[in-house]
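In what follows, a structure is listed as structure tokens, so that the remarks can point back to it.
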Amino acid sequence: MTRNSKGEYEIEDCFQTAKTEVGLVQYQVRRYDAWYRHTTLAMLAHTYLAVTAPTPPTPRPTSPLPAQTHQKRFEDGTPLTVQSAAGSHNPVENDFSYDSDKLGQKCPFQAHIRKTNPRGSGGAEPPEAERLHLMARRGQTYGRRYDDPAADLPPAGRPTKDVGLLFMAFNSNLGNQFEFTQRLWANNPGFPITPDGSQPGLDPVIGQGERPGSNYSRDWGHSGTQPVDAIPQAVTLKGGEYFFMPSLAFLRSL
Ligand code: HEM
């Protein structure tokens, strides 16, 4: 049954492509033999296109895609510090450190995940103090998008208003959590402090300000870097509201 249903899907897919690419259903004929000729010619054109289509290049598993290196996990959630390819077991590993990656050869220093939570490797404070900047966070989209989010477009080709993302975070100390993380980590090109004193650059996801190009590891886990053009700023901080919540202790006392 599985084999048959897969075969059925392939046939549907084949007809769908023939309809959109070679005009399989765009005929204006009345007689059967005219319809037959049109269909035969369309399917012949479709066959020619399928046979001569270039084969897409196979991605190298050891080099994570640039989009993955901005955030530092493979699509299945495997942290890039753990292994060079996707394939983490479920649940994905979240309790990891950068101890095995002090030179930023697996997870770049400038990756969003490493800038906003250096897990004790930031170099500017003792790990216990660094940990106090963490906060519980959730994102919430707003507005309705009419563009294709998956299209390969520069930020200039994207909607500029009415849609976006609300970043929400619970803080017990705004100055030491959200404000600290955004200002002194994400927007600070010199954080985290690197062993060779080089500047990692802004957080590619949320950093606000001028972005020079920066260096990324050439091969996962190996020495050698390559310069990469600046990633265009896609997130613009528009403003925010601070809402006060009663503490758990207060709520319990009611
Ligand atoms: C449009 C805005 C944002 C997007 C798209 C975004 C996206 C993400 C994603 C995808 C992750 C998961 C990384 C991973 O586990 O691989 C993440 C983690 C995180 N983000 Fe953001 N984020 C945004 C804004 C912010 C802001 C404004 C802050 C703080 C100022 C922040 C702080 C964090 C922290 C602390 C983590 C956890 C890192 C860890 O698990 O080690 N994010 N973000």
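Numbering-wise (our numbering), the sequence shown opens with residue 23 and increments by one. Think of the CB as a built atom: it goes at the ideal place given N, C-alpha and C, for glycine as much as any other residue. The model shown is predicted, which means the values in this text are computed figures rather than measured ones.
Query raised in the report: Mind pulling the beta strand (DSSP E) runs of 3 or more residues that sit fully within the region 188-254?
Result: Counting only runs of 3 or more residues that sit fully inside the region 188-254, the beta strand (DSSP E) segments are 236-239 and 247-250, in chain order.
Requested in this report: Taking only beta-carbon positions, decide if Arg-167 is within less than 8 Å of chain C.
Outcome: Of the protein chains in this structure there is only one, and it is not chain C.
Query raised in the report: Cα separation between Thr-80 and Gly-109?
Result: Numbered from 1 along the sequence shown, position 58 holds the residue referred to as residue 80. Numbered from 1 along the sequence shown, position 87 holds the residue referred to as residue 109. The predicted position of Thr-80 is uncertain, since its pLDDT is 41 and thus under 50; a value taken from the coordinates is nonetheless stated next. As the crow flies, the alpha-carbon of Thr-80 is around 17 Å from that of Gly-109.
Query - Distance between Pro-254 and Gln-230 (C-alpha atoms, nearest Å) - result: Mapped onto the sequence shown, residue 230 falls at position 208. Mapped onto the sequence shown, residue 254 falls at position 232. Distance between the alpha carbons of Gln-230 and Pro-254: 11 Å.
Report task. Look at Tyr-264 and Leu-196 and say whether their C-beta atoms are less than 8 Å apart. Result -> As a first step, residue 264 must be located in the sequence shown, where it is residue number 242. As a first step, residue 196 must be located in the sequence shown, where it is residue number 174. The answer is yes: Cβ separation under 8 Å.
Query raised in the report: Would DSSP call Gly-262 helix, strand or coil?
Result: Here residue 262 corresponds to residue number 240 of the sequence shown, with the count starting at 1. Coil at Gly-262, not helix or strand.
Query raised in the report: Alpha carbon to alpha carbon, what distance is there between Gln-105 and Ser-245?
Result: On the sequence shown, residue 245 is found 223 positions in, with the first residue counted as 1. On the sequence shown, residue 105 is found 83 positions in, with the first residue counted as 1. If I take the Cα positions, the gap works out to 16 Å.
Query raised in the report: Looking only at C-alpha atoms, which of Ala-271, Asp-98 and Pro-214 sits nearest to Asp-225?
Result: Residue numbering aside, residue 225 sits at position 203 when the sequence shown is read from its first letter. Looking at the Cα atoms, Pro-214 is the closest of the given residues.
Report task. Within 10 angstroms of the Cβ of Asp-184, are there 16 or more other Cβ atoms? Answer buried if so, exposed if not. Result -> Against the sequence shown, residue 184 aligns to sequence position 162. Label assigned to Asp-184: exposed.
Report task. Compute the beta-carbon to beta-carbon distance between Ser-236 and Gln-132, rounded to the nearest angstrom, for a pair I have assumed lies under 8 Å. Result -> Residue mapping note: residue 236 aligns to position 214 of the sequence shown, counting from 1. Residue mapping note: residue 132 aligns to position 110 of the sequence shown, counting from 1. The pair is a contact, with the Cβ atoms about 6 Å apart (cut-off 8 Å).
Report task. Give a yes or no on contact between the region 189-209 and the region 114-125, applying the rule of three or more CB pairs nearer than 8 Å. Result -> no
**Report entry** For Glu-43 and Leu-125, the rounded distance between their alpha carbons
**Finding:** Mapped onto the sequence shown, residue 125 falls at position 103. Mapped onto the sequence shown, residue 43 falls at position 21. Rounded to the nearest angstrom, the two C-alpha atoms are 49 Å apart.
Requested in this report: Could you check if Gly-165 is buried or exposed, using at least 16 other CB atoms within 10 Å of its CB as the buried criterion?
Outcome: Numbered from its first residue, the sequence shown carries residue 165 at position 143. Its Cβ having fewer than 16 others within 10 Å, Gly-165 is exposed.
Requested in this report: Would you check if the distance between the CB atom of Ser-143 and the CB atom of Tyr-120 is smaller than 8 Å?
Outcome: For the purposes of this step, residue 143 is taken as the residue at position 121 of the sequence shown. For the purposes of this step, residue 120 is taken as the residue at position 98 of the sequence shown. Yes, Cβ-Cβ distance for Ser-143 and Tyr-120 is below 8 Å.
Query raised in the report: Beta carbon of Ala-151, beta carbon of Ala-191: below 8 Å?
Result: Here residue 151 is taken as the residue at index 129 of the sequence shown, counted from 1. Here residue 191 is taken as the residue at index 169 of the sequence shown, counted from 1. Contact flag unset, no.
**Report entry** When Arg-274, Ala-256, Leu-273 and Gln-162 are compared against Gly-179, the one with the closest alpha-carbon
**Finding:** Against the sequence shown, residue 179 aligns to sequence position 157. Of Arg-274, Ala-256, Leu-273 and Gln-162, the residue nearest in Cα terms is Ala-256.
Query raised in the report: In whole angstroms, what separates the C-alpha of Val-227 from that of Tyr-49?
Result: Position 205 of the sequence shown, counted from the first residue, corresponds to residue 227. Position 27 of the sequence shown, counted from the first residue, corresponds to residue 49. Whole-angstrom Cα-Cα distance: 49 Å.
Query raised in the report: Can Pro-101 and Phe-118 be called in contact, C-beta distance under 8 Å?
Result: As a working note, residue 101 is residue 79 in the sequence shown. As a working note, residue 118 is residue 96 in the sequence shown. It is a contact, given that the beta carbons lie within the stated cut-off.
Query raised in the report: What does DSSP give as the partner residues of Thr-163 in its beta bridges?
Result: Numbered from 1 along the sequence shown, position 141 holds the residue referred to as residue 163. Its beta-bridge partners are Leu-187.
Query raised in the report: From Ser-194 to Met-267, what distance separates their C-alpha atoms?
Result: Residue 194 sits at position 172 when you count from the first residue of the sequence shown. Residue 267 sits at position 245 when you count from the first residue of the sequence shown. Answer to the nearest angstrom: the Cα atoms are 10 Å apart.
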